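Undergrad:
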Amino acid sequence: MDARLIRVRGVVQGVGFRPFVYRLARANGLCGWVLNQENGVEIHVEGEAAALEDFTRALAKEAPSAAQISALESAPTQPANLTEFVIRDSLRSGTPTVRISPDLPICEACLAELFDPADPRYLYPYINCTNCGPRFTVIESLPYDRARTTMRRWSLDTLCEQQYNDPLDRRFHAQPVACPNCGPHYLFESAEGIIRGDQAAIDAGLDFLCRGQIVAIKGIGGYHLSCDARNADAIHALRERKFRKEKPFAVMVRDLETARRIVKLSASAEELLCSPARPIVLAPALVDLSGVAPGNDELGVMLPYAPLHHLLFAARGPDILVMTSANRSSEPIAYEDEDARSRLSSLADAFLIGERPIARRVDDSVARAGALGPVILRRCRGYAPGAVTTLPSDKPILAVGADLKNTITLVVNGQAFVSQHIGDLDHYEALSAFKETIHDFVHMYEIDWDDLTIVHDLHPEYLSTVHALELPAHTRCAVQHHRAHVASVLAEHQMFDRRAVGVSFDGTGYGDDGTIWGGEFFVGSLTEGFERQLHLRPAPLPGGDAAARFPVQCAAGFLSTLEDLPNLLEPPFHFPTRYLHAQQLVQKQQRTFTTSSIGRLFDTVAALLGFTREITFEGQAAIWLEQLARQGSPDAPIYPFPFDNNMLDYRPLLSAVIHDRLNQRDVRQIARGFHNSVGIATARAASFLCEANSIDLVVLSGGVFQNDLLLAEIKSALNSTSFDVCVNRSVPPNDGGISLGQAAVVALGPACEISQRQLNLRSA
Ligand code: ZN
Ligand code: FE
1 MDARLIRVRG VVQGVGFRPF VYRLARANGL CGWVLNQENG VEIHVEGEAA
51 ALEDFTRALA KEAPSAAQIS ALESAPTQPA NLTEFVIRDS LRSGTPTVRI
101 SPDLPICEAC LAELFDPADP RYLYPYINCT NCGPRFTVIE SLPYDRARTT
151 MRRWSLDTLC EQQYNDPLDR RFHAQPVACP NCGPHYLFES AEGIIRGDQA
201 AIDAGLDFLC RGQIVAIKGI GGYHLSCDAR NADAIHALRE RKFRKEKPFA
251 VMVRDLETAR RIVKLSASAE ELLCSPARPI VLAPALVDLS GVAPGNDELG
301 VMLPYAPLHH LLFAARGPDI LVMTSANRSS EPIAYEDEDA RSRLSSLADA
351 FLIGERPIAR RVDDSVARAG ALGPVILRRC RGYAPGAVTT LPSDKPILAV
401 GADLKNTITL VVNGQAFVSQ HIGDLDHYEA LSAFKETIHD FVHMYEIDWD
451 DLTIVHDLHP EYLSTVHALE LPAHTRCAVQ HHRAHVASVL AEHQMFDRRA
501 VGVSFDGTGY GDDGTIWGGE FFVGSLTEGF ERQLHLRPAP LPGGDAAARF
551 PVQCAAGFLS TLEDLPNLLE PPFHFPTRYL HAQQLVQKQQ RTFTTSSIGR
601 LFDTVAALLG FTREITFEGQ AAIWLEQLAR QGSPDAPIYP FPFDNNMLDY
651 RPLLSAVIHD RLNQRDVRQI ARGFHNSVGI ATARAASFLC EANSIDLVVL
701 SGGVFQNDLL LAEIKSALNS TSFDVCVNRS VPPNDGGISL GQAAVVALGP
751 ACEISQRQLN LRSA
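Read in order, the letters of the sequence shown are residues 1 to 764 in the numbering used here.
Okay, here's the thing in structure tokens:
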């Protein structure tokens, strides 16, 4: 008789792991026990050596599909002469470092039961099992047990109790288990009153949707505002009420068939769409749903993931629903019922409210099947709070990210947990959510503030920086924005010592010299640090942040460095007079900053090709330019974009664009030519740095690389070289990835670099 003690780490709680172990042990005739611990699952098994061998091998190989095993340790131990195999109560000691499972979409087995009239959970919107259902959005604290979830106020009836306690049942220890008899329900609220009963509430909601009205629907991580995606009036009303002029709305479709009819789906896009995270997938639109994504060639589509969504589509209602986060423009999504009722009363005509509380807000994720593989553009439901990588660091680290598209990262026992997307911190609500999320994470993993290293951006006026300096901490460090972008890629790919040429292109980030960076080439590694070796030639930027909203204002800065400019107020340019005011600011050196941002270069070219108005959402001009370029042909012109003196000189490039525009060349060809040229110049500069520094890896990160056409151009320009190209996979290339990069720089890099500026801030 032998015995073994086995410890399993990773996503192993709330995914049916213990019942799986139980069944496996019994099948192998073994005795012992299994229990949940703060840092994973612990198993004691005893029996014949061969059976132990089989058991251990099958543990990793046959684990439930939602489980992710990161480590499995097995050591011999003393047999205790046990007579059966049991599941023990959770053990509580030390610091919890177990990985919390992200929320899972309804599984096939539950879906079948949902529509089986003979099933006790027929048409029940809270059906779930150990293979599916909510996790992160119901967990209040660890370890994961019903008493520490938002389901604690519903006690189990006989049916649920029996299934919960039966190790052979699919619902064994399914913490959110519920049935119509004992669990929460949905209700419908409108001016006409309250309708109770799941099916009656859903029917009433559908009536409203069919009549072109807007319904706030409580889902897994918050409320959606929903309307019929084929009803242009409803969409128009939604835009008016939400103060959202043009930013595309996501839609939810009945099924994959419907998705295929409205967007062009590649095999990898379909895979992404059907993946357990069920993200919104951006894909080329095949139909024009008026007002859903105005002036945009892409449509964001997702499949139903909650039982409620399936119930909505199963009835006779619309087959495509707008499903947008319930908030006013840029505010965080509403997730608490009272807050939703007050904040959304002027936005929604009615409410479809579920009684199960949501522990924390988690928006829908957004992804795309890109030229270099799948890209996550917004990382939330289905992904968060999964660990994205492990870092060789024992110290707990909290990285607070950037001010736009904020996320935070907490490193515990080397595991890097990246939070859900929080939003833009200049909105009061988002700033509060940011502070809440920090406390949520630090509390969840029971980190002592006095042990914590807090990392923030180098920008002294970022709200995230200011807050980081107010929090208690053991140590505080600043990491430069564009280094963090590059570091995020290397951290994800666990390339700790590997030297790379890091290309960091985005709109704005605070540079070492206090100017606005955004077109940077670094050389180095996570362990040795990153040296800036090449960058875009700096240009004046009149008006600072306002320039990001007005492409012609960027243009005034960049074009001021050119000779022989035509009158841009005249055809074919038609610049508004704002351009002249901006020009004056540059001439007088008033409120004029210096920038090396590629994002602003894209804005400038967008202005030259016709985008001369104010943007209504971040990145709009660049997206417009990319879509224009896609309509051009690949054999479009290639413009000169040389580098020398470690600077990429945009002046010949802009002169050529203006020349072509004056000669009435097709703007689609010019836009395509611009993309070709930036791609080729980037590849050439990166190759040059690789050769000069004996490096064979190019890393691309930063918001500009959300531009898939540019990625494809760089990739094809680098094809003739032998360099590896690496991009973000698990975190977004935009500022949503900054917190991971910050954490990695501090976990691995040379001692904290604290500049004089930071020291001043700290003493202030
Ligand atoms: Zn299920
Ligand atoms: Fe950035």
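Just so you know, even glycine gets a beta-carbon here, dropped at the ideal spot from N, CA and C. Keep in mind the model is a prediction, meaning the values are calculated, not measured.
What do you reckon, are the CB atoms on proline 279 and serine 365 nearer than 8 Å?
TA: yes
Undergrad: Confirm the yes/no value for this check: CB of isoleucine 106, any heavy atom of the ligand ZN, distance under 7 Å.
TA: Within the cutoff, so yes.
Undergrad: Residues in the same chain with beta-carbon distance under 7 Å from valine 15, minus the five sequence neighbours each way, listed in chain order, please.
TA: Pro64, Ala66, Ala67, Ser101, Thr130
Undergrad: Name the two residues that bound the continuous beta strand (DSSP E) containing phenylalanine 351.
TA: In the DSSP assignment, phenylalanine 351 falls within the unbroken beta strand (DSSP E) covering 350-354.
Undergrad: Please list, in chain order, all residues of the same chain as glycine 511 whose beta carbon is under 6 Å from its beta carbon, the five residues on each side excluded.
TA: Trp517
Undergrad: Counting only runs that start and end within the segment 70-131, where is the alpha helix (DSSP H) found for 4 or more residues in a row?
TA: 108-114
Undergrad: Does the beta carbon of alanine 399 fall short of 7 Å from some heavy atom of the ligand FE?
TA: no
Undergrad: Is there contact here, the segment 544-560 with the segment 602-610, by at least three beta-carbon pairs under 8 Å?
TA: These segments touch.
Undergrad: Is the beta carbon of phenylalanine 55 sitting closer than 8 Å to the one on alanine 80?
TA: Against a cut-off of 8 Å, the Cβ pair of alanine 80 and phenylalanine 55 comes out as no contact.
Undergrad: Tell me the start and end of each unbroken alpha helix (DSSP H) in the segment 423-487 that is at least 4 residues and wholly inside, in chain order.
TA: 428-444, 463-470
Undergrad: What three-state label does DSSP hand histidine 309 in the structure shown?
TA: helix
Undergrad: Ordered along the chain, which non-local residues of its own chain (more than five positions away) have a Cβ less than 7 Å from that of phenylalanine 243?
TA: Arg328, Ser329, listed in sequence order.
Undergrad: Compute the Euclidean distance between the alpha carbons of proline 167 and proline 19, then round it to the nearest angstrom.
TA: Each residue's alpha carbon lies about 5 Å from the other.
Undergrad: What does the Cβ neighbour count give for glutamine 162, buried or exposed, with the cut at 16 atoms within 10 Å?
TA: exposed
Undergrad: In chain order, what residues of the same chain lie with their CB nearer than 6 Å to the CB of arginine 241, ignoring the 5 residues before and after it?
TA: Around arginine 241: Leu347.
Undergrad: Would you check if the distance between the CB atom of phenylalanine 434 and the CB atom of isoleucine 422 is smaller than 8 Å?
TA: yes
Undergrad: Taking buried to mean at least 16 other C-beta atoms within 10 Å of its own C-beta, is glutamine 620 buried or exposed?
TA: buried
Undergrad: Using the three-state DSSP reduction, which class does serine 504 fall into: helix, strand or coil?
TA: strand
Undergrad: When the Cα of alanine 283 is compared with those of Ala277, Leu265, Asn296, Gly673, which residue comes out closest?
TA: Leu265
Undergrad: What three-state label does DSSP hand serine 722 in the structure shown?
TA: Note: serine 722 maps to coil in three-state DSSP.
Undergrad: Ignore the nearest five residues each way along the sequence and tell me which others in aspartate 649's own chain have a CB closer than 8 Å to its CB.
TA: For aspartate 649, the CB contacts under 8 Å within the same chain, skipping 5 residues up- and downstream, are Arg537, Phe641, Pro642, Phe643 in chain order.
Undergrad: On the DSSP bridge assignment, give the partners of arginine 196 in chain order.
TA: As a beta-bridge residue in DSSP terms, arginine 196 pairs with Leu187.
Undergrad: Would you give the residue range spanned by the beta strand (DSSP E) that phenylalanine 281 belongs to?
TA: According to the sequence displayed, residue 281 carries valine and not phenylalanine. Note, valine 281: beta strand (DSSP E), 280-284.
Undergrad: With distances taken between CB atoms, is the gap from lysine 405 to aspartate 426 smaller than 8 Å?
TA: no
Undergrad: Evaluate the contact criterion for the segment 737-746 versus the segment 481-499: three or more CB pairs, one atom per stretch, below 8 Å.
TA: yes
Undergrad: Is the CB-CB distance between alanine 402 and aspartate 457 below 8 Å?
TA: yes
Undergrad: Can you give the Cα-Cα distance for alanine 334 and threonine 682, rounded to whole angstroms?
TA: Cα to Cα, alanine 334 sits roughly 41 Å from threonine 682.
Undergrad: For the ligand FE, any of its heavy atoms closer than 7 Å to the Cβ of alanine 743?
TA: Answer for alanine 743: no, Cβ out of range of the ligand FE.
Undergrad: Check whether the Cβ atoms of valine 138 and proline 180 sit closer than 8 Å, and answer yes or no.
TA: no
Undergrad: In chain order, what residues of the same chain have a beta carbon less than 6 Å from the beta carbon of alanine 399, not counting five sequence neighbours either side?
TA: Thr409, Val455, Ser739, Gln742, Ala743
Undergrad: If I follow the unbroken alpha helix (DSSP H) through alanine 555, where does it start and stop?
TA: Alanine 555: member of the alpha helix (DSSP H) spanning 551-559, first to last residue.
Undergrad: Alpha carbon to alpha carbon, how far is arginine 260 from phenylalanine 674? Give it in angstroms, no decimals.
TA: 32 Å
Undergrad: Which full runs of the beta strand (DSSP E) of 3+ residues lie inside the segment 569-642, going along the chain?
TA: 592-595
Undergrad: Hey, is alanine 132 close to the ligand ZN, as in C-beta under 7 Å from one of its heavy atoms?
TA: Residue identity differs from the one stated: residue 132 is cysteine in this sequence, not alanine. Flag set: Cβ of cysteine 132 near the ligand ZN.
Undergrad: Quick check: is any heavy atom of the ligand FE less than 7 Å from the C-beta of alanine 478?
TA: no
Undergrad: If you draw a straight line from the alpha carbon of serine 70 to that of glutamate 492, how long is it in whole angstroms?
TA: 15 Å
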